[in-house]
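**Q** Reading the sequence shown from the start, the letters are residues -27 to -1, 1 to 111 in mature numbering (1 follows the signal peptide of the UniProt record, and there is no 0).
The beta carbon of each residue, even a glycine, is placed where N, CA and C say it ideally should be.
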Amino acid sequence: MASLKFAPLAFVLLAAFLMFQVKKVESGYCSPVTCYTDRSGDCQFGCVCYPSFFGYVGSCQPYVSVEKMVDDHPNLCQSHDDCTKKGTGSFCARYPDSNMEYGRCFSSKFQAEVFFVKMISNSQFKKDLLKMSVSASY
C-alpha cells in the first residue's frame, strides 16, 4: 500500500530530472541557419549571428561561443580598446543589428563606413526596399 503512495512522487521526480537534462543540452545548441548581420531575428533565443569572412552573411552560434570567438578573432571587438590591444585597428564599428554586442575593427571611421555601405548595398535590405509598392497620390 505504501508503494502505491510513493509511485506518483517517483514519477514526478523522474520527470523533473529528465526535464533538467534536456534543458542543459538545448542551452548550448543553435540551429545551423544562415543569418544576415544587418537584420535581427534570424537566430533563435540565446544565439547570435556570427559573421563569416564576407562580413554580412554569417551563421547562428550560441552566445557563449561567440564571446569566446570575439576574444580569439583578430577583427572582432566590443570596444575601441579591444582593437588597439589586438593590433588590428583603432576603431570598433558595431554591426547595424542592435542585438549584437560586438563589432569589427577598422583603422578609421571612414573605412568602417565604406565597409558597411558595401554590406548594406549587397544585403537583403536593398532587395526588400526595391520590392516595396509605392502608391501615387495626385
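When the distance is taken between beta carbons, is Ser80 closer than 8 Å to Gly62?
**A** For the purposes of this step, residue 62 is taken as the residue at position 89 of the sequence shown. For the purposes of this step, residue 80 is taken as the residue at position 107 of the sequence shown. Cβ distance < 8 Å, so Gly62 and Ser80 count as in contact.
**Q** Within 10 angstroms of the Cβ of Lys(-4), are there 16 or more other Cβ atoms? Answer buried if so, exposed if not.
**A** As a first step, residue -4 is located in the sequence shown; it is residue number 24 there, counting from the start. With a pLDDT of 39 at Lys(-4), under the threshold of 50, the predicted position of this residue should be treated as unreliable, though the coordinate-derived value follows. Answer is exposed; the Cβ neighbour count stays below 16.
**Q** Taking the DSSP output, what are the residues bridged to Phe64?
**A** As a position in the sequence shown, residue 64 is number 91, starting the count at 1. Looking at the DSSP assignment, Phe64 forms a beta bridge with Phe79.
**Q** Tell me the rounded alpha-carbon separation between residue 125 and Thr57.
**A** Outside the modelled stretch of the chain, which goes from -27 to 111, sits residue 125, for which no answer is possible.
**Q** Between Cys3 and Pro(-20), is the Cβ-Cβ spacing less than 8 Å?
**A** Residue mapping note: residue 3 aligns to position 30 of the sequence shown, counting from 1. Residue mapping note: residue -20 aligns to position 8 of the sequence shown, counting from 1. In this structure, Pro(-20) does not lie closer than 8 Å to Cys3 by Cβ.
**Q** Would you tell me roughly how many angstroms separate the C-alpha atoms of Gln51 and Arg77, rounded to the nearest one?
**A** In the sequence shown, residue 51 corresponds to position 78, counting from 1. In the sequence shown, residue 77 corresponds to position 104, counting from 1. Cα to Cα, the separation comes out at about 8 Å.
**Q** For Cys20, list the residues DSSP reports as bridge partners.
**A** Start at 1 with the first residue of the sequence shown, and residue 20 comes out as number 47. DSSP lists Pro35 as partners of Cys20.
**Q** Find the nearest neighbour of Val87 within the set Tyr75, Val30 and Tyr68, judged by alpha-carbon distance.
**A** In the sequence shown, the residue the question calls residue 87 occupies position 114. Nearest C-alpha to Val87: Tyr68.
**Q** Among the candidates His46, Asp44, Met73 and Cys65, whose CA atom is the shortest distance from the CA of Asp54?
**A** Position 81 of the sequence shown holds residue 54. Answer by Cα proximity: Cys65.
**Q** Comparing alpha-carbon positions, which option in Phe83, Val30, Lys(-23) and Tyr23 lies nearest Val43?
**A** Taking the sequence shown and counting its residues from 1, the one referred to as residue 43 is at position 70. Val43 has its Cα closest to that of Tyr23, out of Phe83, Val30, Lys(-23) and Tyr23.
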